[in-house]
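Trainee:
Residue numbers (the UniProt record's numbering): 1 to 120.
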């Protein structure tokens, strides 16, 4: 085995790129979910207030409307924070290991140019 001055990638580096992608996708989906929940809450409040009532009233009906999407909102926020933490952690791992690349065992040091590949 040869000594190589280049740092070797850690085992986490193999999983960091997929974790970054998954974390970013889940964060985008959670943001879209929270925007939809906000729109639905606004619509429900507007529809409820058409008859002159307010969602801020102390009635059971107003409380039910206020709490209608609270579970989805809390779940969306928790998933957004968790996916953000995963994405940031994966980005940090990738940044710290940016110079480390796996050693290519099949590389014999030869360089090929276009003439070699086209047969000229």
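Beta carbons: idealized from backbone N, C-alpha and C, even for Gly.
Work out the CA separation of residue 30 and residue 98 for me, nearest whole Å.
Mentor: 29 Å
Trainee: With three or more beta-carbon pairs closer than 8 Å as the criterion, would you say the region 76-86 touches the region 19-35?
Mentor: The answer is yes - the region 19-35 touches the region 76-86, with three or more Cβ pairs under 8 Å.
Trainee: Can you have a look at residue 93 and say buried or exposed, based on whether 16 or more other CB atoms are within 10 angstroms of its CB?
Mentor: buried
Trainee: According to DSSP, is residue 110 helix, strand or coil?
Mentor: Residue 110 falls in the coil class under three-state DSSP.
Trainee: DSSP three-state call for residue 11: helix, strand or coil?
Mentor: helix
Trainee: Over what stretch of residues does the alpha helix (DSSP H) that includes residue 52 continue unbroken?
Mentor: Residue 52 -> no alpha helix (DSSP H), and no H or E assigned at all.
Trainee: Suppose you measure from the CA of residue 28 to the CA of residue 10; what does that come to, to the nearest Å?
Mentor: 28 Å
Trainee: Exposed or buried, residue 71, counting other C-beta atoms within 10 Å across all chains shown (16 or more means buried)?
Mentor: exposed
Trainee: How many Å lie between residue 118 and residue 88 at the Cα?
Mentor: 44 Å
Trainee: Around the Cβ of residue 23, are there at least 16 other Cβ atoms within 10 angstroms (buried) or fewer (exposed)?
Mentor: buried
Trainee: Taking all protein chains shown into account, do 16 or more other C-beta atoms lie within 10 angstroms of the C-beta of residue 95, making it buried, or fewer, making it exposed?
Mentor: When all chains shown are included, residue 95 counts as exposed.
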